[in-house]
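Everything below concerns the one structure shown next.
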Amino acid sequence: MLPFSLPAAADDAADPHQQALARMGELNGVALACRYFDQTRRIKRALIEGLPKQRELGQAFDEKTNESFMAFVNSGKPCPSPAVFTEDVGQAIESLNRAYAEAE
């Protein structure tokens, strides 16, 4: 996990679906703050292709994105390198796909 990561809520750790979705929102917030728009598109495409179409999932993702964006901006930390961030997004997408594939 990269140094810009936010701690997961205790209940998120128990549910791989929530944990994977929260991680995607966390990364999306950082991507927005760092203007890595290619990665925001990649994240959203993975969500559209991999998640069931449920409003609650979209809301949870948006809430985590907003929380992550504000936390990252307020932290004053530098943006991760594009290469490292791209790799981290790829790992998060794989985790999301595994979590939701197991639910089918």
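By the numbering used here, the letter at position 29 of the sequence shown is numbered 366, and the numbering carries on one by one without gaps. Think of the CB as a built atom: it goes at the ideal place given N, C-alpha and C, for glycine as much as any other residue. Predicted model only: the values in this text are computed from it and were never measured.
Nearest candidate by alpha-carbon position, reference residue i, set the options
{"i": "Asn-364", "options": "Ala-436, Asp-352, Glu-386 and Asp-425", "result": "Looking at the sequence provided, one finds Leu at residue 364 rather than Asn. With distances taken between Cα atoms, Leu-364 lies closest to Asp-425."}
{"i": "Ala-462", "options": "Ala-359, Gln-396, Val-367 and Ala-383", "result": "Nothing about residue 462 can be read from this structure; the chain reaches only from 338 to 441."}
{"i": "Thr-402", "options": "Gln-356, Ala-357, Met-361 and Pro-353", "result": "Met-361"}
{"i": "Arg-378", "options": "Cys-416, Thr-423 and Arg-392", "result": "Thr-423"}
{"i": "Pro-417", "options": "Glu-431, Pro-353, Tyr-373 and Gln-355", "result": "Tyr-373"}
{"i": "Gln-355", "options": "Glu-386, Ala-370, Ala-368 and Glu-400", "result": "Glu-400"}
CA-to-CA distance, residue j to residue i, given in whole angstroms
{"i": "Thr-420", "j": "Lys-390", "result": "For the sequence presented, residue 420 should be read as Ala rather than Thr. One C-alpha to the other measures close to 31 Å."}
{"i": "Asp-375", "j": "Met-407", "result": "20 Å"}
{"i": "Glu-386", "j": "Leu-433", "result": "11 Å"}
{"i": "Cys-371", "j": "Gly-395", "result": "22 Å"}
{"i": "Ile-430", "j": "Lys-414", "result": "24 Å"}
{"i": "Ala-368", "j": "Ala-357", "result": "16 Å"}
{"i": "Ala-359", "j": "Ala-436", "result": "12 Å"}
{"i": "Val-410", "j": "Asp-352", "result": "28 Å"}
{"i": "Leu-388", "j": "Lys-381", "result": "10 Å"}
{"i": "Arg-392", "j": "Gly-427", "result": "24 Å"}
Residue i burial status per 10 Å Cβ neighbour count (16 or more: buried)
{"i": "Gly-366", "result": "buried"}
{"i": "Ser-335", "result": "Given a span of 338 to 441 for the chain in the structure shown, any question on residue 335 remains unanswerable."}
Per-residue DSSP class, three states only, for residue i
{"i": "Ala-436", "result": "helix"}
TODO: List in chain order: all unbroken alpha helix (DSSP H) runs of 4+ residues lying wholly within the stretch 363-427.
DONE: 374-387 and 392-412
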